[in-house]
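In this note's numbering, the protein residues as written are 394 to 1722. Backbone N, C-alpha and C fix where the C-beta goes; we use that ideal spot for every residue, glycine too. A short write-up of the structure that comes next.
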């Protein structure tokens, strides 16, 4: 037995005596080896930020396997004899970038950079396996990677240059390389990329290749709680199972790892069968293929694809179904290590593969060891009795699954499988189905049939009653009608069943069978019923488009512009090279300091209760646990905090008002120990008599509103206008919240300095706010608290005010203990604690003429604020200011109410209420168009604001180019032609429908609080001519630092390479505003110019005296002449104010508006609710772009985030107020496969803006609402489906337009089978806030 772990990392041998079996590779890399390029994003294998490459020698095939894996799930103990490559191991800025790193950076595919190392390593692993991959390989490679910033297009643009589709014999003259006519009119020059040279890659360690000594070792690693075994033969494995029946077999750790991390399961015995040959064999047989239970899904997929090419089609129908299902099974990193045996033994009721295996009647081989030591084998058939209960099967605990036999199909046997999930790629199923039918020879008469379904019971289930009904029946429409009726009765779902979506799941059950019926009927050809042409496409499924198209159109700089002047040029993000090499430092990458402790938070599990007992004694008894902090450690003033009103507490004082509220904190030696101890703190509650309020409707019912709310906005005479209107219409619309899902969760590190100073390193958009509140909590003056922020791994508003949940406890504990303190929230903690975008409900009444001209609107806006105010007043106010979007309404009454609920406090999110308000406006304009029977674009034109018009808050529009944006976008998108194509498509297809929508946007640029509209800067010029710039903004991926460097370069007339920004810090620029409201470039850019102007004035005499000298010579001369080379800059937006109908009726609320138009075309599957975005065209007016690459990246990223808001991203809460969607497993942000098949972005030319730096406009938030064009296109497609059923085009559709909502809105004979109990007669599994 051996207890020494040996593996290689980046070519260096690592030896660890008796490693901890609970350590993941990610923890080991970051904490033990200090390789922090690999990031923690979710800890459940769902985001790809932790991707590394694991290489091992397959001695059976004598080949080296290079596998992209999730380091967050990979047990470090499983790496014995393997080689690990991290992002640091393939290239660096100090030596040489690898082509994979270079192309991602130079194609502008790295914004915040937190996901970039994972992207790099996924692509690198692909290239190590395929020198010239295909676009399909690219698609599969990134299924397990998420990016919240870029919108994915630039990542694919950069990496498709490696594919065989991109490369041709023309070299640099290839048309795909030279897309444009000159170097000035494209975002990057692909021909300048360094070539990929596979011969230069690091070799596999010879020590591992030459000797199998490590492979033959029988391993045992023990820790205090867990023992890890790696047997080398079957008998040893079975003996371990006999001795420890509850032991878990670990291959990929993709299920057990999640259970240990998030369900806090403890498995004392873990067995790794990676060296047991019996579980690793692949054997081709005459009637099928045998796969060992530990063979990875990727290996199974590759082997099945090979056999599909070699064998007759009729024999491979099960294989074909299997590879189709595996294609969307998790991500590539999971498939590389997860095994089929693990899926079977886990027994998930929503497993992707178990329905297939059940429908196919697959045979399993199971083994155990007898008391005499003999190996006993038995065959087990996967049939209706295989799964006995939730996650249990007929296989006994002491037995081990050896392998699975997949049979060949016969000529008259057909197999079809479908899976429906929230998102197509890397998602668990909502419902899946597998249908295996065998017909009597050369007929359409059913001989045998097996149907298996997931998501309809606590186990994967079959439908024996319905199957029996089909025997000896003809496969035709009459049989189909009987089947769907029988299925709906045989497999019901309780109204309170786990997973929710009851009506949808029941509808999917019969809809998926109908899809199978359509597919099999077409395969039967003349033997079956002839299908109407309109129905045939109903059996199809969506696929990732292989020919992605995109265009980015922007204004080129003048040929007369100086080469060193970077303004207007598509310059690479200043930190991109560091980000793609893993060298960029984020808060938690800062090395541990001497004496540092880790802080873990104790959180409320109740939405509303009194705390009757708080006992940390058991936790404090653990060795290495130092202290417990709660509200008793602060006085009332110190404990009371908040962004606007101090209505929150650092630690809950006596009562909790939501699940996830911070009650206390444990300080311990390390993260694992601190979190374990925090779970041991005993909290007892007493329920309060007042009702728990979670939803907007409940708040309205109980009149639970904050007393602070925006004043009504009233313009004109609404009632009089209503009496004169040709039409009156009353409607409602509703949209849910949205999780920020920045890849880097909240993190803070506090370091005491002297006895009365604190230095904070904090992942925040608002360092000054953190400084101010930390000063309050610690009773220190602000000048003794410094908050420093190097960069954020995404923010989107979520780190503007909610940083207090982490930063304040960390600072307090550091101050009290006199030791450095660190905390970085896990993904589930972050999502539970920090709040979301505000859900909204709108109720409106609108008056309009028979032509569609809107004359009056009365609208009520209800916002779910959560339990505290935070910035909710300002969010609601912006929604009220933006509700009319781009449409002039002369008579308006807008009322706003902040609903006080028992949810985590909702907060700022990109758009800050604007998208919610405009969502109502777009409903209104479409209601009007529908009622008057006119094209919605014509009604838009009729109602558009014109230059010189006044808004309902009395701001005059100086320049309003929305019609120009619209015309450009209509032309760019070929709107009229597409409209004709969509009409024809919908006429020819019953179960697939298309829709197209045009959405304009008008977004006001300014903080709603007057004093925040200011910025500052500090510039130091050193004697060597280098420039250090500090300003009041935080870099969070939006390219702010890059733009500020560009501004300084132009203002001082120097190359940008001479300029550096170190960080945002309160000891450099004081009293800064949050980096928010899309204003950072405007405020800080103008402050930078102010500082540069001062420096230029000081340098002017020297330049005049020495006109032919260089910059460095001028600076040296200035230094010698004792000229100050340091300057501060300041800027306050002029001529703006806070609107008040009486005291300030003519205030300029916003400095200016950013406008744009988007047009999206969508196709929906009416049977499943799935959809695909076929094309999106965007035209944005952003003035004169400072950096087209960054600005277009912001537009694309904002669009995709808006697309997620309005279609995919659904927050799931329990009726008790607990957020259940606390990670990428249940919460789905858009992935690579969700980008439009054609994605074109144009920047409006010739539209300079006189009110911002270098005539630019703000760009971060305005494009987000254009994502709603997909929502409204989906609604058009649904309307087309409803028209076929003779149903009204006036129907409710809440956002997000999830697959469930789309399917249930497409009412038909299948949905009509579903009986929905009345609300109030049952307790739903989840609620909508």
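Asked: Where residue 1711 falls: helix, strand or coil (DSSP); Found: coil
Asked: Rounded C-alpha distance that separates residue 1078 from residue 1363; Found: 59 Å
Asked: For residue 832 and residue 879, the rounded distance between their alpha carbons; Found: 20 Å
Asked: Whole-Å CB distance - residue 684 paired with residue 701, under 8 Å assumed; Found: That belief does not hold up - the Cβ atoms of residue 684 and residue 701 are roughly 15 Å apart, past 8 Å.
Asked: Distance between residue 433 and residue 410 (C-alpha atoms, nearest Å); Found: 25 Å
Asked: Residues bridged to residue 675 (per DSSP); Found: 684
Asked: Segment contact flag, the stretch 1451-1461 with the stretch 1623-1631, C-beta cutoff 8 Å, min 3 pairs; Found: no
Asked: Alpha carbon of residue 1170 to alpha carbon of residue 1397, nearest angstrom; Found: 35 Å
Asked: Where the alpha helix (DSSP H) through residue 1586 begins and ends; Found: 1581-1596
Asked: Local Cβ density within 10 Å of residue 1519, reported as buried at 16 or more and exposed below that; Found: exposed
Asked: Rounded separation between residue 1570 and residue 1659 - CA only; Found: 10 Å
Asked: Assigned secondary structure, residue 1254 (DSSP; H/G/I helix, E/B strand, else coil); Found: strand
Asked: Neighbourhood of residue 641 by C-beta distance below 6 Å, restricted to the same chain and skipping five residues each side; Found: 649, 660, 663
Asked: Closest residue to residue 946 among 1655, 1606, 1574, 1714 (Cα-Cα distance); Found: 1574
Asked: For residue 1320 and residue 1239, believed in contact at Cβ under 8 Å, the rounded distance; Found: 7 Å
Asked: For residue 1667 and residue 1555, the rounded distance between their alpha carbons; Found: 6 Å
Asked: Proximity winner among 746, 431, 1547, relative to residue 480 (alpha-carbon distances); Found: 431
Asked: Cβ neighbour criterion (16 or more within 10 Å) applied to residue 537; Found: buried
Asked: Neighbour-count burial assignment, residue 803, 16 or more Cβ in a 10 Å radius; Found: exposed
Asked: Buried versus exposed call for residue 858 [16 or more other C-beta atoms within 10 Å across all chains shown]; Found: exposed
Asked: Alpha-carbon spacing of residue 1287 relative to residue 749, whole angstroms; Found: 55 Å
Asked: Any 3 or more C-beta pairs closer than 8 Å across the stretch 1216-1226 and the stretch 1601-1616; Found: yes
Asked: Option nearest residue 1550 by Cα separation, candidates 1633, 801, 467; Found: 1633
Asked: Helix, strand or coil at residue 1523 [DSSP, three-state]; Found: strand
Asked: Rounded distance between the beta-carbons of residue 549 and residue 1087, thought under 8 Å; Found: Not quite, the Cβ-Cβ distance comes to about 40 Å (not below 8 Å), so this is no contact.
Asked: Residue 1143 and residue 1151 closer than 7 Å at C-beta; Found: yes
Asked: Residue range of the unbroken beta strand (DSSP E) whose run includes residue 1564; Found: 1564-1574
Asked: Extent of the continuous alpha helix (DSSP H) to which residue 894 belongs; Found: Unbroken run through residue 894: none, as it is neither H nor E.
Asked: Inter-stretch contact (C-beta, 8 Å, three-pair minimum) for the stretch 1036-1048 and the stretch 1594-1609; Found: no
Asked: One or two residues paired with residue 786 in a DSSP bridge; Found: 780
Asked: Beta-bridge pairing of residue 621 - partner residues as DSSP gives them; Found: 614, 663
Asked: Among 1426, 1639, 1270, the one whose alpha carbon lies nearest that of residue 1533; Found: 1270
Asked: Sufficient close CB pairs (3 or more, under 8 Å) joining the stretch 1196-1212 to the stretch 1000-1015; Found: no
Asked: Residue 503 vs residue 461 beta-carbon contact at 7 Å; Found: no
Asked: Residue range of the unbroken alpha helix (DSSP H) whose run includes residue 1692; Found: 1692-1698
Asked: Straight-line gap, residue 1065 to residue 670 (C-alpha atoms, nearest Å); Found: 35 Å
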